[in-house]
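Under my numbering, read the sequence shown as residues 324 to 477, first letter to last. All C-beta atoms in this analysis are idealised placements derived from N, C-alpha and C, irrespective of residue type, glycine included. Taking it in order: structure first as structure tokens, then the write-up.
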Amino acid sequence: MQQINKLNELAQTVATLSSIVRRAQTYQFFLTRPATFYLDVEGAEVRLARHALPYIKVDVQLQMPFAWRLATDQDEYGVYIVARRRQVIGELGDAQFAVQVPHSTDVQLKLANVRLVFEEVSGAFALPPSAEPLQITAPGDPRPADASRPQLDS
């Protein structure tokens, strides 16, 4: 019983520390012509919105930032962001990406175990076949609902 209590105390301590250890970062990439935005991320929440401004803005919230590897780049063709959890300690961290892109931007997403939310987005959306069920959340509904459609491949 003492071991269970100690494990419970340890879990509570870790939860408390993880809620304290956060880092927020905002990236802005100014564009002079239409470009592609490429995001490759696993195990996070991604919110995607369109706007009429000439830049891509990405607000990143990392819980336990030492548990993440994050790389960004920009060239004449687009903006590229890759976020990966580190081995072992990566499971402790959480991340949210709030992405705003111009209407003229082509968006390419490579996602693994991601909660994806579209805001103010219009256009065609294609979802390739997969053996895993897709989880869809309606706006304002925090509970995912299983659907009989495939999930995004990684």
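Query	Result
Coil, strand or helix - P388 by DSSP	helix
Straight-line Cα distance separating Q419 from L371	11 Å
Coarse secondary structure for L371, derived from DSSP in three states	strand
Backbone CA spacing between W391 and R356 [nearest angstrom]	31 Å
Validate contact between the segment 368–383 and the segment 426–445 using beta carbons, cut 8 Å, 3 pairs	yes
Straight-line Cα distance separating R346 from Y361	22 Å
Sheet register partners of L393 (DSSP bridge)	A406
Pair within 7 Å by beta-carbon distance, V437 and V369	yes
Cα-Cα separation, L393 to Q335	28 Å
Under the three-state DSSP convention, the category P473 falls into	For P473, the pLDDT reaches just 35, beneath the cut-off of 50, and the residue's location in the model is therefore unreliable, leaving the point undetermined.
DSSP-derived helix/strand/coil call for T359	strand
Extent of the continuous beta strand (DSSP E) run through F420	D417 to P425
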